[in-house]
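Following my numbering, the numbering of the sequence shown begins with 22 at its first residue and continues without gaps. The C-beta atom is built at its ideal place from N, Cα and C for all residues, glycine as well.
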Amino acid sequence: MSNISETVLVTGASGHLGKIVLEELLKRGHNKIIATTRKPESLEGFAKRGVTVRKASFDDPASLVSAFQGADRILIVSTDNIGNRIPEHSAAVDAAVKAGAKRVLYTSLTKADEVPVTFAFEHEGTEEKIKQSGLAYTILRNNLYSDYLIPKLQHAVASGSLYGSGGNGACAYVSRTDCAKAAAAALLSSESGNKILEISGPKAWTYPELAKFTSELTGKPISYVDLPAEELSKALVGAGVPKPMADALASFDVSIREGYLKDVNTWAKDLIGDVLQDVTTLLKENKSALAS
């Protein structure tokens, strides 16, 4: 059952993470939930289950202030609008203050204030905005989603080569589902005080280890090919990835190489109260997709 009686709100609730957060809140027995989205019709199923669905957009501050009314705790799910996130997130923080919220939570990036990822400054800037807002806060610094490994390893199985720039550095990948469960648990936590939590998976993986495990799982030979970050970015652009995103992906590999993403901790496990999904489990569950 829920630990609190306050009203909680989830932004971007029609997204992948947001929907899982809503499911987890309902599973935990909480019945005071507001979900905001650009497309309320996409959450009709949740509305029928008692969730209050409101239309709101990060680029329309007035809509945020209206939608946030009555919310005691607000989870700001970071948008995917790279390059515009600081003003968008700042508008959400300002709206939370105007609406009289007591606590704001934010899905940030692991080590946002030091990791050499091209857009990390947007998360760091949002964190600073939150700290200066006067609201109590919980910042959830999520490591890389393990879910993103599936298309990367599908290509590796098909080509026989796993390309990256991570060297022998490791990353403590965490599943999107576990990040959502941790966010829901943090929303319902009765603990007070300001918190910055690094959210990681249960084990750190190197690219050579991923190549070896995937090869053994699928029966297909896979070797890891380490490239300079610039070459990896060019290769991604050549494969149709927009350059800003290609540069960002390459910068994540630089972060892996330099050891920024390797730390394993228990914050997610402690919040959820259950074991986390390991990369091995994820890949086994997607074995048919990897080998197709």
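Taking the CA atoms as reference points, ALA133 sits about 23 Å from ASP299.
Per the C-alpha coordinates, the member of ILE54, ALA141, LEU231 positioned closest to LEU96 is ILE54. Around the beta carbon of HIS37, fewer than 16 other beta carbons sit within 10 angstroms, so the residue counts as exposed. Taking C-beta atoms under 8 Å as the contact rule, LEU174 and THR227 fail to qualify, at a distance of about 14 Å.
Just measuring C-alpha positions, the residue of ASN164, ALA120, THR159 sitting nearest VAL138 is ASN164. Contact check between the region 242 to 261 and the region 146 to 155: fewer than three CB pairs, one atom from each, fall below 8 Å, which does not count as touching. A direct Cα-to-Cα measurement between LEU130 and ALA141 gives close to 7 Å. Residue burial annotation: PRO223 is buried, with at least 16 other C-beta atoms found within 10 angstroms of its C-beta. Judged by beta-carbon spacing, ILE160 lies beyond the 7 Å limit of ILE107, meaning their Cβ atoms are not closer than that value. Between the beta-carbon of LEU47 and that of ARG70 there is about 6 Å, and that keeps the pair under the 8 Å contact cut. The alpha-carbon of PHE273 is positioned some 12 Å away from that of TYR166. Following the DSSP letters along the chain, one finds SER236 inside the alpha helix (DSSP H) bounded by residues 228 to 239. Under the three-state reduction of DSSP output, ALA191 falls in the strand class.
Under the three-pair Cβ rule at 8 Å, the region 208 to 215 does not count as touching the region 180 to 196.
Straight through space, the alpha carbons of ALA310 and ALA250 are spaced by roughly 28 Å.
The residues GLY39, VAL98, in chain order, have a CB closer than 6 Å to that of GLY33 in the same chain once the five nearest residues on each side in sequence are set aside.
For VAL275, the enclosing alpha helix (DSSP H) begins and ends at 264 to 278. Apart from the 5 residues on each side of it in sequence, ASN307 sits with its Cβ closer than 7 Å to the Cβ of ILE171 in its chain, given in chain order.
Here THR301 is exposed: its Cβ has fewer than 16 other Cβ atoms, across all protein chains shown, within 10 Å. Assignment of ARG70 by DSSP, reduced to helix, strand and coil, places it in the coil class. Counted as a single uninterrupted DSSP element, the beta strand (DSSP E) harbouring SER129 occupies residues 124 to 130.
Rounded to whole angstroms, the separation of the alpha carbons of ILE277 and GLY185 is 10 Å.
Distance from the CA atom of GLY190 to the CA atom of SER313, rounded to whole angstroms, is 29 Å.
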